[in-house]
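Contents: one structure, followed by commentary.
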Amino acid sequence: MNLGRVVGTVVSTRKEPVLEGIRFLLVRLLDEQGKETGAFVVSADGVGAGPGEIVLTAAGSSARQTAMTKDRPVDNVILAIVDEWEIGGETQYVK
Amino acid sequence: MNLGRVVGTVVSTRKEPVLEGIRFLLVRLLDEQGKETGAFVVSADGVGAGPGEIVLTAAGSSARQTAMTKDRPVDNVILAIVDEWEIGGETQYVK
Amino acid sequence: MNLGRVVGTVVSTRKEPVLEGIRFLLVRLLDEQGKETGAFVVSADGVGAGPGEIVLTAAGSSARQTAMTKDRPVDNVILAIVDEWEIGGETQYVK
Amino acid sequence: MNLGRVVGTVVSTRKEPVLEGIRFLLVRLLDEQGKETGAFVVSADGVGAGPGEIVLTAAGSSARQTAMTKDRPVDNVILAIVDEWEIGGETQYVK
Amino acid sequence: MNLGRVVGTVVSTRKEPVLEGIRFLLVRLLDEQGKETGAFVVSADGVGAGPGEIVLTAAGSSARQTAMTKDRPVDNVILAIVDEWEIGGETQYVK
Numbered sequence: 192m193n194l195g196r197v198v199g200t201v202v203s204t205r206k207e208p209v210l211e212g213i214r215f216l217l218v219r220l221l222d223e224q225g226k227e228t229g230a231f232v233v234s235a236d237g238v239g240a241g242p243g244e245i246v247l248t249a250a251g252s253s254a255r256q257t258a259m260t261k262d263r264p265v266d267n268v269i270l271a272i273v274d275e276w277e278i279g280g281e282t283q284y285v286k
Numbered sequence: 192m193n194l195g196r197v198v199g200t201v202v203s204t205r206k207e208p209v210l211e212g213i214r215f216l217l218v219r220l221l222d223e224q225g226k227e228t229g230a231f232v233v234s235a236d237g238v239g240a241g242p243g244e245i246v247l248t249a250a251g252s253s254a255r256q257t258a259m260t261k262d263r264p265v266d267n268v269i270l271a272i273v274d275e276w277e278i279g280g281e282t283q284y285v286k
Numbered sequence: 192m193n194l195g196r197v198v199g200t201v202v203s204t205r206k207e208p209v210l211e212g213i214r215f216l217l218v219r220l221l222d223e224q225g226k227e228t229g230a231f232v233v234s235a236d237g238v239g240a241g242p243g244e245i246v247l248t249a250a251g252s253s254a255r256q257t258a259m260t261k262d263r264p265v266d267n268v269i270l271a272i273v274d275e276w277e278i279g280g281e282t283q284y285v286k
Numbered sequence: 192m193n194l195g196r197v198v199g200t201v202v203s204t205r206k207e208p209v210l211e212g213i214r215f216l217l218v219r220l221l222d223e224q225g226k227e228t229g230a231f232v233v234s235a236d237g238v239g240a241g242p243g244e245i246v247l248t249a250a251g252s253s254a255r256q257t258a259m260t261k262d263r264p265v266d267n268v269i270l271a272i273v274d275e276w277e278i279g280g281e282t283q284y285v286k
Numbered sequence: 192m193n194l195g196r197v198v199g200t201v202v203s204t205r206k207e208p209v210l211e212g213i214r215f216l217l218v219r220l221l222d223e224q225g226k227e228t229g230a231f232v233v234s235a236d237g238v239g240a241g242p243g244e245i246v247l248t249a250a251g252s253s254a255r256q257t258a259m260t261k262d263r264p265v266d267n268v269i270l271a272i273v274d275e276w277e278i279g280g281e282t283q284y285v286k
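Protein chains in written order, with my numbering: chain A, 192 to 286; chain B, 192 to 286; chain C, 192 to 286; chain D, 192 to 286; chain E, 192 to 286.
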């Protein structure tokens, strides 16, 4: 799983019918201190993540193991909104 | 998922029989401002994307979860034609 | 599989319900001498790995082949706590 | 999918029994103008590709969706021999 | 598939029970001339590969398509011991 920050939304009307109802968010990937790495991914949101929130994402076939993404052509999903993380006992980020 | 721009077509007559009828498009990957990154992928098109259009692509086994690609040896698919996306409330691209 | 060192913990309360009970650890990837590469991953822990321990991780759909991760949207898992490894007969690391 | 050029053959007698009969080709990956990128992959050939031919390859689990590779431990397959491709209406390669 | 050279062994006693009996080897990835690239992977060995031998490895879900790795959380497997390969008719490596 990766850490990322929700920064935007991607809108599409002409698409695979099975994608109907999925919200696609633009997520910038973060390093372990919470800084943006310059990479980003478009991720399906099933937890109601909002702009600026830090999230945990899963890629590949694992992205299809949620109720919302089951059997749908989605290769990245937001799994969770991150409350905090620590490294070596020191908090790197708190919501 | 990734953002990409359709720029070309790949043609092949001698191929796996199960690929018959699939259109293969050459898609340049984009950064979050819509600029080309220099990377590209050959993607199966199931939404009728045309030259110059910006699309959303899925990779890996997720590329086989559309009606057209089901059980076919395709590792990248065009999921949608992108209408627009915004970052931090500012529109980066509108079709 | 990759070698990594457990350095931290990621906490999340609002998440996919199917993730309930899974511990997410921050794991720094190592080179073959055991030095950190600068890359990291968030991994699900099913073996009770603790801070500082060197672990073996699996990525992708293989991360879902443990009792804990079966059918759950997890793309990285800690498989084992590493006791030692050698290269060319020379020990690189002993726990 | 990726574009590649067949440049060689890999031979092995002691191998997983399920690989019996599969031809392994060395394929150099190409950029969109058809130049070699410096990267290569060993790919299973099911279409009878020969030295110098430009091919379309699929990676990951999608590589197992051909008659030849079904349920076999193959993570890259040659899907097709490319006849030509164009970018922006200009032909980049013709066989 | 990738070419690699077996250089070491990874030992672990506290691990996922389903991994019992699998040998984990440290494999350095090779370029097409047989030189080490600097990258490595930990791979499950089902063909009895020994130190110094050049092997063919498969990654991802394809690594679980051997008798030994079926349904086990393994994302890389040694498929074969390479006897030789050639490029453009010139032998690059002979065992």
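All C-beta atoms in this analysis are idealised placements derived from N, C-alpha and C, irrespective of residue type, glycine included.
Problem set entry | For Trp-276/A, the nearest candidate out of Thr-282/C, Gly-199/C, Pro-264/C and Gly-212/C (CA to CA) | The sequence position of residue 276/A within the first sequence is 85, counting from 1. When only C-alpha atoms are compared, the closest one is Gly-199/C.
Exercise. Is the Cβ-Cβ distance between Val-238/C and Leu-217/C less than 8 Å?
Worked result: For the purposes of this step, residue 238/C is identified with residue 47 of the third sequence, where counting begins at 1. For the purposes of this step, residue 217/C is identified with residue 26 of the third sequence, where counting begins at 1. No, the pair does not count as a contact, with Cβ atoms beyond the cut-off.
Exercise. Within the 8 Å Cβ cut-off, does Gly-279/B reach chain A?
Worked result: If you number the second sequence from 1, residue 279/B lands on position 88. Yes, Gly-279/B lies at the interface with chain A (some Cβ there is under 8 Å from its Cβ).
Exercise. With distances taken from CA atoms, which of Val-202/B, Met-192/B, Thr-257/B and Gly-195/B is nearest Val-246/D?
Worked result: Residue 246/D sits at position 55 when you count from the first residue of the fourth sequence. With distances taken between Cα atoms, Val-246/D lies closest to Val-202/B.
Exercise. Hey, how far is the Cα of Phe-215/E from the Cα of Ala-250/D?
Worked result: Sequence index remark: in the fifth sequence, residue 215/E carries index 24 (1-based). Sequence index remark: in the fourth sequence, residue 250/D carries index 59 (1-based). Rounded to whole angstroms, Phe-215/E to Ala-250/D spans 24 Å at the Cα level.
Problem set entry | Rounded distance between the beta-carbons of Gly-195/A and Ala-219/A, thought under 8 Å | Start at 1 with the first residue of the first sequence, and residue 219/A comes out as number 28. Start at 1 with the first residue of the first sequence, and residue 195/A comes out as number 4. Before going further, note that residue 219/A is Arg rather than Ala in the sequence given. With a Cβ gap of about 6 Å, Arg-219/A and Gly-195/A count as contacting.
For this session: Starting from the beta carbon of Thr-228/B, find every residue of chain A whose beta carbon is closer than 9 Å, and list them in chain order.
Result: What you label residue 228/B is simply residue 37 of the second sequence in a count that begins at 1. The contacting residues do not exist; Thr-228/B stays about 10 Å from chain A at best.
For this session: Please name the residues in the segment 206-225 of chain D whose beta-carbon is closer than 9 Å to at least one beta-carbon of chain E, in chain order.
Result: Lys-206, Glu-207, Pro-208, Val-209, Leu-210, Phe-215, Leu-217 and Arg-219
Exercise. Mind checking Glu-244/C: buried by the 16 CB within 10 Å criterion, or exposed?
Worked result: Along the third sequence, read from residue 1 onward, the residue named residue 244/C stands at position 53. Looking at its Cβ environment, which holds 16 or more other Cβ atoms inside 10 Å, Glu-244/C is buried.
Exercise. Can you tell which of Thr-228/C, Ser-252/C, Leu-221/C and Pro-264/C has its C-alpha closest to the C-alpha of Ile-213/C?
Worked result: Counting from 1 along the third sequence, the entry for residue 213/C is found at position 22. Among Thr-228/C, Ser-252/C, Leu-221/C and Pro-264/C, the Cα nearest to that of Ile-213/C is on Pro-264/C.
Exercise. Can you give the Cα-Cα distance for Met-259/D and Gly-279/A, rounded to whole angstroms?
Worked result: One-based indexing of the fourth sequence puts residue 259/D at position 68. One-based indexing of the first sequence puts residue 279/A at position 88. One C-alpha to the other measures close to 50 Å.
For this session: Give the residues from the segment 234-255 of chain C that approach chain E closer than 7 Å (Cβ to any Cβ), ordered along the chain.
Result: Gly-237, Val-238, Leu-247, Ala-249, Ala-250, Gly-251, Ser-252, Ser-253 and Ala-254
For this session: Flag this pair as yes or no: are the beta carbons of Glu-207/B and Thr-204/D separated by less than 8 Å?
Result: Indexing the second sequence from 1 puts residue 207/B at position 16. Indexing the fourth sequence from 1 puts residue 204/D at position 13. Result no, Cβ atoms of Glu-207/B and Thr-204/D do not sit closer than 8 Å.
Exercise. Using DSSP with H/G/I as helix, E/B as strand and the rest coil, what is Ala-271/A?
Worked result: Within the first sequence, the letter at position 80 stands for residue 271/A. Strand.
For this session: Could you work out which residue in Thr-282/D, Thr-248/D, Phe-231/D and Ser-253/D is closest to Ala-271/D when comparing CA atoms only?
Result: In the fourth sequence, the residue the question calls residue 271/D occupies position 80. Nearest of Thr-282/D, Thr-248/D, Phe-231/D and Ser-253/D to Ala-271/D, Cα basis: Thr-248/D.
Problem set entry | Short Cβ contact (8 Å threshold) for Ser-252/E with Ser-252/C | Along the fifth sequence, one-based indexing puts residue 252/E at 61. Along the third sequence, one-based indexing puts residue 252/C at 61. Result yes, Cβ atoms of Ser-252/E and Ser-252/C sit closer than 8 Å.
Exercise. In terms of DSSP beta bridges, what is Ala-235/A paired with?
Worked result: Here the question's residue 235/A lines up with position 44 in the first sequence. DSSP output for Ala-235/A lists Phe-215/A and Val-268/A as bridge partner(s).
Exercise. Within the 8 Å Cβ cut-off, does Gly-199/A reach chain B?
Worked result: Here residue 199/A is taken as the residue at index 8 of the first sequence, counted from 1. Yes, Gly-199/A counts as interfacial toward chain B.
Problem set entry | Backbone CA spacing between Met-192/D and Asp-236/E [nearest angstrom] | Stepping through the fourth sequence from its first residue, residue 192/D is reached at position 1. Stepping through the fifth sequence from its first residue, residue 236/E is reached at position 45. Going by the C-alpha atoms only, they are around 29 Å apart.
Exercise. Which residues share a DSSP beta bridge with Thr-257/E?
Worked result: The count along the fifth sequence starts at 1 and reaches residue 257/E at position 66. None; Thr-257/E has no bridge partner.
For this session: Identify, in the order they occur along the chain, each residue of the same chain with its Cβ nearer than 7 Å to the Cβ of Glu-223/B, setting aside the five sequence neighbours on each side.
Result: For the purposes of this step, residue 223/B is taken as residue 32 along the second sequence, with counting starting at 1. Hits under 7 Å: Ile-278 and Gln-283.
Exercise. Ends of the beta strand (DSSP E) at Val-285/C?
Worked result: Here residue 285/C refers to the residue found at position 94 of the third sequence. From DSSP, the beta strand (DSSP E) with Val-285/C extends over 281-285.
Problem set entry | Val-273/A versus Val-285/A: straight-line alpha-carbon distance, rounded | Here residue 273/A is taken as the residue at index 82 of the first sequence, counted from 1. Here residue 285/A is taken as the residue at index 94 of the first sequence, counted from 1. Those two C-alpha atoms are separated by around 8 Å.
For this session: Could you tell me which chain B residues have their CB closer than 7 Å to the CB of Val-204/A, listed as they occur along the chain?
Result: As a first step, residue 204/A is located in the first sequence; it is residue number 13 there, counting from the start. Here the sequence assigns Thr to residue 204/A, which means Val is not the residue at that position. Within chain B, the residues near Thr-204/A are Asp-274.
Exercise. Helix, strand or coil: how does DSSP classify Gly-241/C here?
Worked result: Here residue 241/C refers to the residue found at position 50 when the third sequence is read from its first residue. If DSSP states are grouped into helix, strand and coil, Gly-241/C belongs with coil.
Problem set entry | Leu-225/E - DSSP class collapsed to helix/strand/coil | What you label residue 225/E is simply residue 34 of the fifth sequence in a count that begins at 1. For the record, residue 225/E in the displayed sequence is Gly; it is not Leu. Reduced to three states, the DSSP call for Gly-225/E is coil.
Exercise. For the candidate residues Leu-221/A, Phe-231/A and Gly-229/A, whose alpha-carbon lies nearest to that of Phe-231/C?
Worked result: Within the third sequence, residue 231/C is the residue found at index 40, counting from 1. Nearest option by C-alpha distance: Leu-221/A.
Problem set entry | Arg-255/A versus Glu-281/C - alpha carbon distance | By 1-based counting over the first sequence, the position of residue 255/A is 64. By 1-based counting over the third sequence, the position of residue 281/C is 90. Taking the straight line joining both Cα atoms gives about 43 Å.
Exercise. Val-209/A: which of Lys-226/A, Asp-262/A and Asp-266/A sits nearest, CA to CA?
Worked result: The residue given as residue 209/A occupies position 18 in the first sequence. Measuring from the Cα of Val-209/A, the nearest candidate turns out to be Asp-262/A.
Problem set entry | Within-8 Å CB hit, Asn-193/C to chain A | Here residue 193/C refers to the residue found at position 2 when the third sequence is read from its first residue. Judged by the 8 Å Cβ criterion, Asn-193/C is not in contact with chain A.
For this session: Give the residues of chain B in contact with Val-265/A, contact being defined as C-beta atoms less than 9 Å apart.
Result: Residue 265/A sits at position 74 when you count from the first residue of the first sequence. Chain B residues near Val-265/A: Met-192, Ala-249, Ser-253, Gln-256 and Leu-270.
For this session: State the Cα-Cα distance for the pair Gly-229/E and Asp-266/D, rounded to the nearest angstrom.
Result: Numbered from 1 along the fifth sequence, position 38 holds the residue referred to as residue 229/E. Numbered from 1 along the fourth sequence, position 75 holds the residue referred to as residue 266/D. Rounded to whole angstroms, Gly-229/E to Asp-266/D spans 22 Å at the Cα level.
Exercise. If we ignore side chains and look at the alpha-carbon of each, how far apart do Glu-211/A and Glu-227/C end up?
Worked result: Mapped onto the first sequence, residue 211/A falls at position 20. Mapped onto the third sequence, residue 227/C falls at position 36. Roughly 42 Å between the two C-alpha positions.
Exercise. In terms of DSSP beta bridges, what is Thr-248/D paired with?
Worked result: Locating residue 248/D in the fourth sequence gives position 57, where the first residue counts as 1. In the DSSP output, where bridge partners are listed per residue, Thr-248/D has Asn-193/D and Ile-269/D.
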